[in-house]
Each structure stands twice: as C-alpha cells, then as structure tokens.
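6 protein chains.
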Amino acid sequence: MEKYVWQQMRRDEIAEMRDHDAVVILPVGSIEQHGRHLPVDTDIHMAQTVALGAAQALAGEVPVLVAPPVWSGVSPHHMHFTGTLTLSVDTFSQVLKEIVTCMWQHGFRHILLLNGHGGNDQTMKATALKLGAEGIEVGAVTYWDLAAAEIAALVDGERKSVGHACEVETSLMLYLRQELVDMDTAVTDLKVPPTRLPTGGPVYFWPVFDPGTTGVAGDPSHASAEKGKAILEAVVQNLAAFVRRFHKTPIS
Amino acid sequence: MEKYVWQQMRRDEIAEMRDHDAVVILPVGSIEQHGRHLPVDTDIHMAQTVALGAAQALAGEVPVLVAPPVWSGVSPHHMHFTGTLTLSVDTFSQVLKEIVTCMWQHGFRHILLLNGHGGNDQTMKATALKLGAEGIEVGAVTYWDLAAAEIAALVDGERKSVGHACEVETSLMLYLRQELVDMDTAVTDLKVPPTRLPTGGPVYFWPVFDPGTTGVAGDPSHASAEKGKAILEAVVQNLAAFVRRFHKTPIS
Amino acid sequence: MEKYVWQQMRRDEIAEMRDHDAVVILPVGSIEQHGRHLPVDTDIHMAQTVALGAAQALAGEVPVLVAPPVWSGVSPHHMHFTGTLTLSVDTFSQVLKEIVTCMWQHGFRHILLLNGHGGNDQTMKATALKLGAEGIEVGAVTYWDLAAAEIAALVDGERKSVGHACEVETSLMLYLRQELVDMDTAVTDLKVPPTRLPTGGPVYFWPVFDPGTTGVAGDPSHASAEKGKAILEAVVQNLAAFVRRFHKTPIS
Amino acid sequence: MEKYVWQQMRRDEIAEMRDHDAVVILPVGSIEQHGRHLPVDTDIHMAQTVALGAAQALAGEVPVLVAPPVWSGVSPHHMHFTGTLTLSVDTFSQVLKEIVTCMWQHGFRHILLLNGHGGNDQTMKATALKLGAEGIEVGAVTYWDLAAAEIAALVDGERKSVGHACEVETSLMLYLRQELVDMDTAVTDLKVPPTRLPTGGPVYFWPVFDPGTTGVAGDPSHASAEKGKAILEAVVQNLAAFVRRFHKTPIS
Amino acid sequence: MEKYVWQQMRRDEIAEMRDHDAVVILPVGSIEQHGRHLPVDTDIHMAQTVALGAAQALAGEVPVLVAPPVWSGVSPHHMHFTGTLTLSVDTFSQVLKEIVTCMWQHGFRHILLLNGHGGNDQTMKATALKLGAEGIEVGAVTYWDLAAAEIAALVDGERKSVGHACEVETSLMLYLRQELVDMDTAVTDLKVPPTRLPTGGPVYFWPVFDPGTTGVAGDPSHASAEKGKAILEAVVQNLAAFVRRFHKTPIS
Amino acid sequence: MEKYVWQQMRRDEIAEMRDHDAVVILPVGSIEQHGRHLPVDTDIHMAQTVALGAAQALAGEVPVLVAPPVWSGVSPHHMHFTGTLTLSVDTFSQVLKEIVTCMWQHGFRHILLLNGHGGNDQTMKATALKLGAEGIEVGAVTYWDLAAAEIAALVDGERKSVGHACEVETSLMLYLRQELVDMDTAVTDLKVPPTRLPTGGPVYFWPVFDPGTTGVAGDPSHASAEKGKAILEAVVQNLAAFVRRFHKTPIS
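Protein chains in written order, with the working numbering: chain A, 1 to 252; chain B, 1001 to 1252; chain C, 2001 to 2252; chain D, 3001 to 3252; chain E, 4001 to 4252; chain F, 5001 to 5252.
Here's what the structure looks like:
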C-alpha cells in the first residue's frame, strides 16, 4: 500500500519520494465560522480531502505527497463569530513561504498550494509571486476553481459558484461528514458578498460578516450528499489530471 | 473648470471634495520593461489615464478625485531587463495601506484602487482585505477587468485578454503616446505566460521573464491606435458607471 | 457524548463552551526528522494525543476544548534531514500570538499551550510573555515536564529525560502507532545534545543535527509499547490534574 | 533631442544610458498641506523640477536620467490638515532602498537622491547609510541645501532659509505654477518651527502642525515669481555642477 | 596588568584577543524596578559583576573579554513601577542577534551570553537558536543557574531559588553596593510568582507585577552581605570553570 | 548629595524625579574602531561624560536624570576593523523608540537624546520624528553641534569640525582617559570623509572605512589634554544652558 501522507512518514520515506520527484500538495484552508450549520474546519477539511483524493487516484501512477494541512488562514472578516482563528495576511504569507522553502530545500520541485478558503486566495497567489522572486516556482489554486463548470452545472440554487456555508460547501460536508452538520440551523442568505458596497462586477470588496449578518453567503437549502459526492469527484478528477501534467513538466 | 487632480490642489480644495463625499481613485501601476517597443511606464500611465478619463466623464455629476499615481509596483519577474523598478510584495502592500489609511483619516469613504499591472493584482486585493480588517473598506480593480468582454471583442489576435506588451497595451500606447512607441522592435510571443510550468488552466504560476525570453506576452502586431481608442473608451465608460453606483452607496 | 475537538465543532458549539469557561488546550509541535525509525510528526502527534487524553479524562467534569494542532514549529537544526518543515523563531512566535489572541477575543480565559518539541519551548514561553504584555495571560508547558519524575522512573536507558527519537518518544510511538515505526533502523546515540560545545551543565547550546550525525539523541533500544503506555498515562493524568486546578482559578 | 525621463523611455533606451554610465537623479518629496495657498505637491514638484532642470542643463555633456518621482514622503506632522498623504518613516526608507537597489542591479553606479521635503531629510540620509552597509553607494541631498547662500541672499523676509509654505517655496510656485497658488489665503507665521519646545539652537525637535496652527512656517508675503526664478536657477546650476563632478568620479 | 573590558580597549587590542581565541562574555540584564529597596540596575549589574569576576579569576590562564553590558532587557511586567526601561521581546532578540553576529564576524568563536534577568531567559535562548540556524553557535546562561545548588544551600528563607528583589539579589547588592540599598523599605512577599494563575508546577505563566503588588518576589529580610559574598564567589567560580572548559572546545 | 544616575537609583527615587519634572538625558553612542590610538567606546563615553557634566553643573538648580547609555549605535562602515559592534539602522531606531516610550509612560516630559556618534545622527533624528508621530516629543542633538563655534576656535589642525579619531576626540580622550590612549599609533588622515565620492559640499555620502584606510578622519597630531578640557567645558556649559531653557518649557 502506497504512502502519501507526509507527516505519517519517516525521513527516509520522504527522501525516497523526493528522489522520485514526487508532486507535493500543500492543503491550505482556515478555521472559521461557517454559518450555524457547518463545522469551523470546513475549508481546510475540503482542501485536505481533495488532496488526498487526488493522491489516491494517482496511486501507482504519479508519486504524490500530501503535506500537513495549513489550517491557519486569513479570516479577519469572520472574527465576529466564535470559533474563527485567523492569522494576519502577513503572517499567513510568511508561513506559506517558509514551509514551501523547506520543501524546495529538500529537493522537491513540483509543489502545489491547494486552497479551500476564498479569503486566502489572493494572499496565497501573492506569496507564490514572492517565492518566484527567490527562484522557487510553485503552483497555487483554490479547489473550486478546478471544476467551476462542473459545479455550476451541478448546483440548483440561484448562486452558481462557491460562497460561504453555501449549497456547494454544505453538500460536500453532508457527503463527507454528515454527523457534524446541523441542517436545522442552516439558513439561506443571498445578500452576497455581505458587504455594504456595490457588487456583482469585477471590483473587489472585502466582505465583512458583521454580527448582524447570518454568516452565510449562499443557499444551503439545496444541498445534498449526492451533490457533494459529484462535486468532490469532479474536483478530484480535475486535480489529478493537472498533477499528471505537472509531474511531466521539467523544472530546473 | 472642475479640478480633480489631488496633487495639484490646495488643502482647502481637497477638504471641500471630502465634504462632498468625493470618490477617490488611486492609480496603481509599475515601472517595468514592456518588450522592446513600449515605454516602461505603460501600466501606471494606463491606470492614470483611465482614472482621469472617468473623472472627466463624470465632471459636474459625481465629485471625483484622482490621487497621485503609485507607480512603484511588484515586478520582480521583470528585473532581468533594464528599466524595471520593483518593490517587494510586502513594501508595495504597506505603501497602499498607509496611503489609503491617510485618505480614510481625512474623511474620504469611497476609495477605489485602480490597477494597471497584473503582478499587482493579488497583492492589491490582499491589501484591501488587510484594510478591511481595520475597518477601512475600499474597492480594488485592474482596469482591463472592467471591460473584459469589450476587449475580447475588439482584439484581432489569438489572445483575447491582456498579456504584457501585447495587442491591447500596444494599441493603447499607440493611441495615447505614439511618439514613445517603437513598432520596429515589437515582436509577437505567444508562449504566455512565459513560464516553464503547465498553463492554460486555473492554476496560478508566477511568470518569469528570463533573459532568454522576449519580455513580451502577446501579439502587438495587431495593435492599432483606433483599437486603443475603442478599448480606452470602453474601460473609461465602465469605470464611470461603477463610480456613479459607488458614490450612491452609503458607507458608514 | 461530549465534544471537545475545536475544529470539528460548529460556531454555536464553541460559543457554548466559551460560556462554560472551557479550558482551551492548544497542541504545539513540529514536523521534523525523528531518526530513521520514527515518523516526522512524532512531536505534534504527542502534544495532540496528550491534550485529547486529558480532555477525555475530564469529560463531564471540566469543560475542555482541544484546538487544532500547530504542527509548524522551530526546527532549523533538523533541516539537514529530509522531511523537516520549520518556521523561523519569529514566524512561529507570531502564529502562536495571533491564534491565542483570537481565542482571547472570543472570550476564552483559560488557555494552555501544550508543546511536544524541545526546540519550541523557549520561543513558546517568550511568546507567553509577549501576550502577557498585552494583557493576555496563558499557560505554557512542554508535555514531558508534566511528568519528569515518572518518566525518569520508567526509562531503563542511561538517559533519564527526553532527547530526540529516544527511549521515551519511541516507546510512545510504539504504543500509539506501531505501524509507523521501523525499529530495524533505530540506532542509539548518546552523544547528546549533538553539539560540539561543552554540555552537561546549565549552559544552553543550540544542538545541530549535522548530516554526519544519526539525528538521534537517546537510546531507543530500550523502548517498548508498555513503557509508552505508562508514560502517556502519567502525563495525561498530571495534565488533567493541572487543568482541574486551572479551571478553578478565576482570570479577570 | 535627448531623452532623460526614465519612465517615458523603453528598456533599451535605459540600458543604453546605463552603458554610458548615466547619473540617475531620483526626485523625492511629499504630498502634504502647504498652508492654504500652495498645492499639496509643492515639495515633490520642486524636486522633480530641479532634477529636470539639471538634466536639461547638462544635455549633450553629461548623460543624466531623471527617475520617476517618489512623492510619498514622511509627513505625519501635517496629517491634521486634509490632503496630506504620508508614509511611516520605515516604509519610506524601505521604498527608497528597494528602488535604489533596482537601479544598482541594473548597473547604474552614480545615483543621487534629490529631496524636496524637510521631513524626509534625515530618513533619506539614514537610508543612504543602510544602502552603504550593503555596498550600494548613493548621494543624498535636499535641494535648498545646494544653494543655501544664494537663497539667503535672495530672500527679503526675516527668515533666511526654507521653512514651510514660506517665502522661498511660494516664490518658486509663483514662478512655476502661478495658476495653482492662491495668494489671498497666504499668511505669515514666524513661530517656526511650530513646536512647543525650545528652538533656535542645534537641538532637533519634531515640529507638529497642530490644527490650531496656520500650517505655515515662514513669510510668503515677500514671495515673487522673479525671486522664484532666481532661486531655481541657482539651485539648478549648483546641482548641475555637482552632477558634472559626480559623473567623473569612478565608483567601483 | 591584563585588560579584558572590551569597550575600554583599542581595536588592535581586541584583535589580539581574537587571535588568542578569547572567550567573550556578553552581560545581559535589565533596568527595572526591584522593590522599593534595590536599585533598578540590579540585574545587569550582577551579570556584569559575575562576568568581570570570572575574567579576573582566569587572568593569565584563559583569555577572556567582557563585552559592553546589554542593559536593555525584557521587562514589560515591571512597567507599572517607575524606572523600568523595557524592550519588546522582538527588539531585545534582534539586539542580541546583531551584536553577537558582529563578534562572530570579527572572528570570535567562543561567545557566552550571561544573563541576570529572569524575563530575558527564554528569549535569550530562543535567540541562541536563531543564531545557530545561521551557523553561529553561542552559549547562553542565567547566572544563578550556574550555582543553583550552592544558592539553595546558602539561603535561609523559605524560597530557595532566585525570585525578584529577594534574599539572593538583596544579599548580593548588600555585599556589592550597600550604599544604594534601602533596607528600611524592603518587604517580604512570598505570593510568587505574583500571578493570578496556578503555580508551583512546570507550567509557565507570565508574572505580572501589578500596581497593587509589592514588586517583590521573595524574602529580603534574610539577606546579608556575607551571604552575598558567598553566593557571588560560588557563581564566579562555576562560571570560571565553565569558561575554562569552553575555551578548550574547538569550534569550527 | 544629589543623585542623577538613573540606573543607580531605586524606583521611588526615580518617581520623585518624575514628580519634579526632571529633564532626562539619554546618552547615545557606539562601540567602534577609533583608529589605532583610541578606545572603541570613545563616542558613548563622550555622550555620557557630557550628560553627567551637565547634570552636575545644574545640581541644586534643575532636576536632571542621566539615563543608562545606549552604546549600541549604527556603525556598519566601521565593521572592517575589529572591535566594532553595530546595530542595523532599523534596530537602533527601535531601541531608541522603545526606551523613550518607557520614559514617557512613566511621566517624564522633558527627554533629550544626546548623541556622540556621527553615524547615529540622522537615524536618531528620524526616530524623534517617529516618536513625534505618536505624540511623544523629544529633543535630539549630537554633542559637538552644541559648541560648533567654540570647537572651531579651539582646534589647531586644518579640519575645524569633528571627524573620527580626530583632533577633537583625541583631545577629549587625552583629558579624560589618557591611560587608554596610545598616541604612538595615532596617524593623521585628511582624506575625509573617507569615501570615493565627491565631497566638500552639501551632498551626503556614506563614508566607508575600508580595510585599506587608516580608520581615521582628522588630525590627532594636534590633540592635547588641555584642548580636551576646554572643549568639554564648552559643550557641557552649552548643554546646561539648553537644559535650563528646556526645563522651563511646558510640555503637555
């Protein structure tokens, strides 16, 4: 049975993966309020689940290592609700930079940051640029961007992309960890992003989940475990396809 | 005649604009190599031109201030070519944060970061999130995202979006500052983004313009001043439309 | 069945624990080489196991929350061996500070940093002092210091305290995760701490695990699962006793 | 016609200047209240004007490049008045350091920071020392120090050196941009530096322009465009003389 | 007569000591309230006195340099009382790091940080680890840890180790600088560490000397000059013994 | 007998001085090579001597406290010679800022930074500006600027102001600590400032004391103890006069 969980391996096992030029996937997420109905680790759990799914899908074909999950993301906009544990933008960036640098120093050359939290997306990519300026090339992606079309086709609610504690995330949790979900407290909130500012266009505004809001951005009422299964499969399959291509690309 | 250039105004004039709840547009760009044929300030010049265009278009209707241009962006990936002046990601973010904070302290509540350089985009938006965490809400957008559809319709080359020293940027410069453009040295390079890594999908990679590359990402051969004029008009019009909506949105 | 794993709970569940003035235990460790025979997450796994053990032991008696594990510690001295993922001292300190500050902001007043990696100990405690300077009072301890006497009595080898990949750590892993241990590659190395500098007294020296060393500081040959069980029980019991006292101490 | 404006040139043009060992002048200033009668960009406009003047004076004789203006200076003491946009001391220093380092990396060896704002002076020079510690040698000067004697001889008011929105600055603006000056609101204030602390000697105190003050330090009533012209000519001439000598000094 | 005080020597004299591979002792302490009866420099004075004592004891035998004293330590917990001058943890660490790095650059290879303030202990050792990560190996010790057994045997009060303004520190000051001590204001306070949190075990808590406390942690009523003399001799002798061993250990 | 040495006082004594609104003088200097003939602490020793001289001169008239000396200054340009211990510009600034902030928090309102090292001057004053931006007003001066005219009149050599290990500094050391001076190794070096760049005007260049240089900037051959006495008296008298005025100026 192949091993691919970095933290459960011994130093020689990891060195051997490096010798096979393994692709390292670093799951990145957050611990933050997810409405009243989802557990606070929804984002990092998804990043980790997708990473492990791709590693499993590629077992025997492409060597893949799933690194320990960076669960400490950027969520100051969720701090009004208990349970959120956020880093500042600068600290989060520094954590990613130092961890990836270690991997690079050990000789890994195919490193992918796989993110599960919208608030991390920009900082993660800015960090990839920082690393690039030091000659360390990494890929960075938020998992739902890997299957935007499939997700849009699968959801039934009005909102076709991932919001927060929405149809997509709730479906995934219902599929993966139903025991942690409390659908009785799920509410729909389509005033998204929950900001006082003009939305709907290309202008980016920082969404504040104020105490008066629901902490939800989307419509969990349409969620189902079946939908979650289908979404997860689409994402994992697309990630596996990317990793396959990635592994074949020589990096000096 | 209305005044809208922050730096050319006196303190009382700016205070009066604040009293009218003026929208402040902060042009953000870079000084970096733009192939052999375009001037190094192409990005910041465009951000500034678009901002001034919108201010002019809204004269007498919506009070707008165009702040002094932040020409120092994030361009480590262009440092292999002479002329590039880059800040680090962290310093660039700090500059934006401190300048916007001053505006907020003076009482302005409708502030828009208008960017002209792809390498700035993520850090600019991460900075907006940082500011949000301190209760300062700003909008942030890269100018070509304001008219993605119009641009795609106008360009003739294969690549339908903005690259670097490409059909779009070259057209804009031909329209605005033909005397600074040297079309004899313009080359087409469609190996974009110019990275060794797998591209074409949602995964972000840091593009390195190595010495061996052309420093171009796109096809300037299709550029024309007419196209530049049309693109500029589309962007300015869409920005003006946004500013109009923005100004009407109350911000506490 | 009581819940005490922070990350698997919903925001309301965590808020309820806060209302009961729950003690929060934050496991802190590292991912680093542990000789050839132990998995790289030995330290953080132990911190987490001990924390969960105490939470379970106190179930129904004292409300306890086990926070998500900070697995990214300070291990530059292990970077010569593959698998180590280290933060700098400053970044590690900042991560702890920001996470604890979030807990304090949510209203938790009994927070304990529970560490499983020697290299973190001083920085963790210096961070507790930093937090104290901001009015945030936390406790900090490395798990084996909770049962120093019991451990000394239980080990058979020459070295009576915890080293690295030593009798104690190996016993604990044999008890908890035998399938990840490869005793065939375990070696004894008593040149500890593995530094060129004078040792054995109160003077602190930074131990470097150079490529030429074994990466071990101790004698795993005496390790056994039984010993691991006894050590774990002693540590968990002593931690539970502390948490009981801690919870009764009012913190303003 | 010779080109010397960095930002309006193409990468090859700048590289050619580097090959001729051009002197680079980096204008440094601020955006800050300048009494009620002067525009907020007085300081950076002057630095830029002086730099361009010297470049023009030396055209055909000494290759000179005028870099894009660093208009973001250190002006916390002017924040009580609307329009001021200040960086912190540390960020300003970092901006200068990173921009100069880029120039040095491109091969320029004769770099001069030309400052137009008193509040920048010490930090600019401390930054030159920082750069020096990294082997990057630059010159740094505030423009009025280049012609202290000439200025003292030209002014009629009591105060013979540059204050703030004073006889010298007002004369320069009247000469260069009369349309932006509102002499009706100009007031004389000789309580300078406007601090509560003992002045007139060598002890440095940070001058605070409190809301109750005029924001002026000097006597603009004596200002005239003619005086401005004479002052500008003296400064430009002396700068040109320095640049001539500077260019001849070999720097390894 | 041998010289060993770094700051009173000329550059050639220090270089000569370097050529003899001298051991450098860097005294580290603080300026902070020490109850009502002791001077605020008690901690740094002790570190310096012990260092000079060891240098003198080893004169003619082992070359020793005593560096200028770092009197600026980490004492935020004493700021409620006048006289305390504290650095932040980060700044203190940076000061130590930069000074030690200079010594290392000059070629010294046997460097010992000798601390006299409990609040510095963890940060000093974390800094030694930081330096180690850059290949700079230093020793670090708090002076009373050099003679813990002797001190415990000498004190008469209930508390057998060093607290704050306690029997040990008061005895040392009575022996060394009786004229600065005011025993009339000395009070005994055994509520130590003066924290609201559970103590007496291995868990570290940050002690706050609140305004309502005495600022004392210990029993100065048992102090005597004779005891101070005996304690000082024990510490100096043990330090000298360590330095002797240290000097013989080759450091690459 | 009046006490004025901060570090030798007890907390109540310092609080009493605060109640009398004492002027605090913080001596600031460096430890750095001073040619072959002067001790490395020349600069900080002078700052401290001048401060103590003024305190003594004002005894019974103006309450003055002399704070512990900040001997760690900015001297990267002297690192080529053994004995120099430098901080970076940023760390030095932070040290000053934190120490002064403590004094301000304790209620002192008349604080003067008294510097003895040219390399500190700009950073010290930039730090005063930083502190001012936080509402903390301090004075800052380099001691020889207090008596520039008197010094120019007293020196016999060509260079009339203070250089480095020059006529002035050597005279002062001969007067104060002849036993530490080795005039046999004193050399005259008038290539000052010792930089490759054009000098003699207002443009600031960072002086590098390269290994090939003497490390001297001035003419110690004219030095004498009598001259040192006269210079010291002039500086102390002028400082006392300033402190007298300073103490009378109310600071809110």
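Every residue gets a Cβ at the ideal spot worked out from N, C-alpha and C, and that includes glycine.
Endpoints, the beta strand (DSSP E) within which residue 2139/C is located: Your numbering for residue 2139/C matches position 139 in the third sequence. Looking at the DSSP string, the run of the beta strand (DSSP E) that includes residue 2139/C is 2139 to 2142.
On the DSSP bridge list, what partners appear for residue 55/A? On the first sequence, residue 55/A is found 55 positions in, with the first residue counted as 1. Residue pairing by DSSP places residue 55/A in no beta bridge whatsoever.
Please tell me whether residue 3072/D has its Cβ less than 9 Å away from any Cβ of chain B. Locating residue 3072/D in the fourth sequence gives position 72, where the first residue counts as 1. When Cβ-Cβ separations below 9 Å define contact, residue 3072/D makes contact with chain B.
Under the DSSP definition of a beta bridge, which residues are partnered with residue 1163/B? Counting from one through the second sequence, the residue named residue 1163/B turns up at place 163. In DSSP, residue 1163/B forms no bridge with anything.
9 Å Cβ cutoff met for residue 1180/B and residue 3009/D: As a working note, residue 1180/B is residue 180 in the second sequence. As a working note, residue 3009/D is residue 9 in the fourth sequence. Annotated as proximal: residue 1180/B and residue 3009/D, with beta-carbon spacing under 9 Å.
Straight-line CA distance for residue 164/A to residue 1229/B? Position 164 of the first sequence, counted from the start, is the residue given in the question as residue 164/A. Position 229 of the second sequence, counted from the start, is the residue given in the question as residue 1229/B. Looking at the two C-alpha atoms, the distance is approximately 40 Å.
Can you pull the chain D residues whose beta carbon is under 7 Å from the beta carbon of residue 5146/F, in chain order? For this step, residue 5146/F is matched to residue 146 along the sixth sequence. Per Cβ cutoff of 7 Å: 3202.
Chain B residues whose Cβ lies nearer than 9 Å to that of residue 76/A: Taking the first sequence and counting its residues from 1, the one referred to as residue 76/A is at position 76. When 9 Å is used as the limit between beta carbons, residue 76/A is near these residues of chain B: 1129, 1130, 1132, 1133, 1134, in chain order.
Can you list the alpha helix (DSSP H) stretches of 4 or more residues lying completely in the stretch 5089 to 5155 of chain F, in chain order? Whole alpha helix (DSSP H) segments, 4+ residues: 5089 to 5105, 5121 to 5133, 5148 to 5154.
I need the straight-line Cα distance from residue 4207/E to residue 123/A, nearest angstrom please. Stepping through the fifth sequence from its first residue, residue 4207/E is reached at position 207. Stepping through the first sequence from its first residue, residue 123/A is reached at position 123. Their Cα atoms are separated by approximately 37 Å.
In terms of DSSP beta bridges, what is residue 3039/D paired with? Mapped onto the fourth sequence, residue 3039/D falls at position 39. In the DSSP output, where bridge partners are listed per residue, residue 3039/D has 1010/B.
For residue 4244/E, I'd like the list of residues in its chain whose CB is within less than 8 Å of its CB, leaving aside the five on either flank, ordered along the chain. Here the question's residue 4244/E lines up with position 244 in the fifth sequence. Result list for residue 4244/E: 4058, 4061, 4062, in chain order.
Would you say residue 1949/C reaches chain A, if we count a Cβ-Cβ gap shorter than 9 Å as a contact? Since the first and last residues shown for chain C are 2001 and 2252, residue 1949/C lies out of range.
Which residues in chain C sit within 8 Å of residue 96/A, going by Cβ to Cβ distance? Taking the first residue of the first sequence as 1, we reach residue 96/A at position 96. The premise fails here: residue 96/A is roughly 10 Å from chain C at the closest Cβ pair, so nothing lies under 8 Å.
Just to make sure I have the definition right: I need the residues of chain E whose C-beta is within less than 8 Å of the C-beta of residue 2040/C. Which are they? On the third sequence, residue 2040/C is found 40 positions in, with the first residue counted as 1. Chain E residues near residue 2040/C: none, gap ~18 Å exceeds 8 Å.
Boundaries (first-last residue) of the beta strand (DSSP E) holding residue 4024/E: Start at 1 with the first residue of the fifth sequence, and residue 4024/E comes out as number 24. Per DSSP, residue 4024/E belongs to the beta strand (DSSP E) from 4023 to 4028.
Residue 5232/F, enclosing alpha helix (DSSP H) - first and last residue: Counting from 1 along the sixth sequence, the entry for residue 5232/F is found at position 232. Where residue 5232/F is concerned, the enclosing alpha helix (DSSP H) stretches over 5225 to 5248.
Could you name the residues of the same chain whose beta carbon sits closer than 6 Å to that of residue 5107/F, not counting the 5 residues immediately before and after it, in chain order? Residue mapping note: residue 5107/F aligns to position 107 of the sixth sequence, counting from 1. Excluding five sequence positions before and after residue 5107/F, the CB atoms of its chain that fall closer than 6 Å to its own CB belong to 5018, given in chain order.
Is the distance from the Cβ of residue 3234/D to the Cβ of residue 3166/D below 9 Å? Start at 1 with the first residue of the fourth sequence, and residue 3234/D comes out as number 234. Start at 1 with the first residue of the fourth sequence, and residue 3166/D comes out as number 166. The Cβ atoms of residue 3234/D and residue 3166/D do not sit closer than 9 Å to each other.
Of the choices 2092/C, 2103/C, 2142/C, 2213/C, whose alpha-carbon is the least far from that of residue 2011/C? The residue you call residue 2011/C lines up with position 11 of the third sequence. From the listed residues 2092/C, 2103/C, 2142/C, 2213/C, the smallest Cα separation to residue 2011/C is found for 2103/C.
Helix, strand or coil: which one does DSSP assign to residue 186/A? The count along the first sequence starts at 1 and reaches residue 186/A at position 186. Reduced to three states, the DSSP call for residue 186/A is coil.
What does residue 1043/B reach in chain A if we use C-beta pairs closer than 7 Å? Position 43 of the second sequence, counted from the start, is the residue given in the question as residue 1043/B. Those do not exist, as residue 1043/B stays about 15 Å from chain A at its closest Cβ, beyond 7 Å.
Would you call the stretch 3071 to 3087 of chain D and the stretch 3030 to 3042 of chain D in contact, with 3 or more CB pairs under 8 Å? Contact holds: three or more Cβ-Cβ distances are below 8 Å.
Going by alpha carbons, who is nearest to residue 1044/B out of 1188/B, 1023/B, 1117/B, 1148/B? By 1-based counting over the second sequence, the position of residue 1044/B is 44. Closest option to residue 1044/B, Cα to Cα, is 1117/B.
List the whole-angstrom C-beta distance separating residue 1089/B from residue 126/A, where the pair is believed to meet the contact cut-off of C-beta under 8 Å. As a working mapping, residue 1089/B is identified with position 89 in the second sequence. As a working mapping, residue 126/A is identified with position 126 in the first sequence. Yes, residue 1089/B and residue 126/A are in contact; Cβ-Cβ is about 5 Å, under 8 Å.
DSSP three-state label for residue 67/A, please. Counting from 1 along the first sequence, the entry for residue 67/A is found at position 67. When secondary structure is reduced to three states using DSSP, residue 67/A falls in the coil class, being assigned neither helix nor strand.
Please classify residue 3169/D as buried or exposed, where buried requires at least 16 neighbouring CB atoms within 10 angstroms. Numbered from its first residue, the fourth sequence carries residue 3169/D at position 169. Buried is the label assigned to residue 3169/D, since at least 16 other Cβ atoms lie within 10 Å of its Cβ.
So residue 4064/E packs on residue 4025/E, CB below 8 Å; how close in whole Å? Along the fifth sequence, read from residue 1 onward, the residue named residue 4064/E stands at position 64. Along the fifth sequence, read from residue 1 onward, the residue named residue 4025/E stands at position 25. Indeed they touch by this definition, with Cβ atoms about 7 Å apart.
8 Å CB neighbourhood of residue 1082/B in its chain, flanking five on each side removed: Looking up residue 1082/B in the second sequence gives position 82. The residues 1033, in chain order, have a CB closer than 8 Å to that of residue 1082/B in the same chain once the five nearest residues on each side in sequence are set aside.
With 16 other Cβ atoms within 10 Å as the buried cut-off, status of residue 4184/E: On the fifth sequence, residue 4184/E is found 184 positions in, with the first residue counted as 1. By the 10 Å Cβ count, residue 4184/E comes out exposed.
Under 8 Å by Cβ, that's how I've got residue 3232/D and residue 3119/D pegged, so tell me the actual separation to the nearest angstrom. Start at 1 with the first residue of the fourth sequence, and residue 3232/D comes out as number 232. Start at 1 with the first residue of the fourth sequence, and residue 3119/D comes out as number 119. Not confirmed; about 22 Å, so no contact.
Suppose the cutoff is 6 Å on Cβ atoms and the five residues either side in sequence are ignored; what does the same chain contact list for residue 3966/E look like? With chain E running from 4001 to 4252 in the structure shown, residue 3966/E is simply not present.
C-alpha gap between residue 4139/E and residue 3111/D, whole angstroms: Position 139 of the fifth sequence, counting from 1, holds the residue named residue 4139/E. Position 111 of the fourth sequence, counting from 1, holds the residue named residue 3111/D. As the crow flies, the alpha-carbon of residue 4139/E is around 43 Å from that of residue 3111/D.
Flag this pair as yes or no: are the beta carbons of residue 3227/D and residue 3121/D separated by less than 9 Å? Mapped onto the fourth sequence, residue 3227/D falls at position 227. Mapped onto the fourth sequence, residue 3121/D falls at position 121. No. Outside cutoff.
Compare the beta carbon distance of residue 3047/D and residue 3204/D with 9 Å and say whether it is the shorter of the two. Counting from 1 along the fourth sequence, the entry for residue 3047/D is found at position 47. Counting from 1 along the fourth sequence, the entry for residue 3204/D is found at position 204. For residue 3047/D and residue 3204/D, no; Cβs fall outside 9 Å.
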